[in-house]
DNA sequence: AGTATTTCTGACTTTGTAATCAGAAACTAA
DNA sequence: TTAGTTTCTGATTACAAAGTCAGAAATACT
């Protein structure tokens, strides 16, 4: 008995899809596509699992909807960069690198997802390249090339700077568990953020040695 | 009919466990713990899935057995470093960093696994720290601290150098799919290896600018 | 009011994967 | 040869996770 009784009711408001997207971004960025499961996302959003499939056809489409929320972040970065468009390339490059690092800190989800999917390859990476990170990567490489051509930087393959920057930005966030385990140090807080930014910018653009001539 | 007929026979030789370990390392490093599945590993090793469970109790223990194969790599690194034990700390540090990068290139599995598990945290990371990477990380940090104390390096949090080095080493291997997608460049080959090693060492220890005073 | 539409859900199906197990084949020792 | 041990396997179980669906509840429309 009491079988067909209380079918649970509905209408969580028009915010439902938004809450789902936000919960999805949170979990996808923290756990990655496969480890984040629909049940968790549904619970986090406060809806049933079936509701996820009502608003989004399948897991991949939900993932894309979640990722699209990051477009504003990239857009903001782009806008700030345009302000420096008339500076010499090495100044623009430095600014672009600083922005890259700052945004990685402010929105750890972006760096985590790029690292996660960038390692795996596949259709999600291709989507990210087309809709999120491709233009930014290529703009950075162009800046590096221009700075090299102008003689401000030593010649080196420009893509290597991207990969180093991306690795550094993502690594400091993503490898926080390793640093905690190996050193019992929490590198995810503000002081570490400042130290890391300075290290990367100083190192990649200034040199770490107090006397660069001392060691070839 | 033909039901209890040909039960398939056995004896693949004493190499079986070794082949399984090797196949497991290959797949765990390429795909990570969860995406690599027992069926694939069994197929790669040329045995049935049940044989995996005969030699190794469960997936986690197989993973640990696979990881132990990397101990020789770390051991070799350690031995090479001891040869330079009497040099000044910044020379030792430079050598340690170069070894770190070279070994990451020669054994991509190590860097991939550290990146994969270092992002996720959990019991596998703790095992890695205890049995594989912890001592190396701490030795590097000590070297950096010594070099800073001797005045050869600008002061900075030594752990940040580890995370940057680890990120760079792992990143250039792991983010190869992203570089391929964004730039259609293959960074997993020897020429890229050399360029990257030089960039990291030059940058982190020498400075990238031709004129360091030009840009504060 | 009644009817249609939208939003949501519990229950179900399907699929992929780790783990178990009884027993076959090969090897060893008597 | 025969009895016992080791190595290996197909078949099965157990379980987790994505995706489907009929229908309930709220809202909108007439």
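Protein chains in written order, with the working numbering: chain D, 1 to 216; chain U, 217 to 432.
Think of the CB as a built atom: it goes at the ideal place given N, C-alpha and C, for glycine as much as any other residue.
Cβ-Cβ separation, residue 244 (chain U) to residue 329 (chain U) (assumed contact under 8 Å), whole Å: 7 Å
By the 8 Å beta-carbon criterion, what residues does the region 397-420 of chain U contribute toward chain D? 397, 398, 399, 401, 403, 408, 411, 412, 414, 415, 416, 418, 419 and 420
Whole-angstrom C-beta distance between residue 305 (chain U) and residue 368 (chain U), which should lie under 8 Å: Right, the Cβ-Cβ distance comes to about 7 Å (below 8 Å), so this counts as a contact.
Cutoff 7 Å: residue 163 (chain D) Cβ touching any chain U Cβ: yes
Excluding the five sequence neighbours on either side, which residues of its own chain have a C-beta within less than 6 Å of the C-beta of residue 39 (chain D), listed in chain order? Within the same chain, residue 39 (chain D) has close Cβ partners 49.
Any C-beta of chain D within less than 7 Å: which residues of the region 247-258 of chain U qualify? 250 and 251
With distances taken between CB atoms, is the gap from residue 240 (chain U) to residue 288 (chain U) smaller than 7 Å? no
Is the Cβ-Cβ distance between residue 167 (chain D) and residue 176 (chain D) less than 7 Å? no
Would you kindly report the start and end of the unbroken alpha helix (DSSP H) that includes residue 390 (chain U)? 374-390
Which term fits residue 94 (chain D), buried or exposed, when burial requires 16 or more other beta carbons within 10 angstroms of its beta carbon? buried
Give me the residue from D:115, D:41, D:70 and D:106 with the minimum Cα distance to residue 131 (chain D). D:70
For residue 289 (chain U) and chain D, any beta-carbon pair shorter than 7 Å? False, the Cβ-Cβ gap to chain D never drops below 7 Å.
Within the 7 Å Cβ cut-off, does residue 327 (chain U) reach chain D? no
Which residue comes first and which comes last in the alpha helix (DSSP H) that contains residue 312 (chain U)? 305-322
Mind checking which residues open and close the alpha helix (DSSP H) that includes residue 289 (chain U)? From DSSP, the alpha helix (DSSP H) with residue 289 (chain U) extends over 287-298.
For the region 46-69 of chain D, list every residue whose C-beta sits within 7 Å of some C-beta in chain U, in sequence order. none
Just the chain U side, please: which residues come within less than 9 Å of residue 129 (chain D) by C-beta, in chain order? 394, 397 and 398
First through last residue of the alpha helix (DSSP H) which encompasses residue 248 (chain U): Counting along the chain, residue 248 (chain U) sits inside the alpha helix (DSSP H) bounded by residues 232-251.
CB-CB under 6 Å to residue 387 (chain U), same chain, minus the five flanking residues each way: which ones, in chain order? none
Going by Cα to Cα distance, which pick from U:333, U:395 and U:259 is closest to residue 126 (chain D)? U:395
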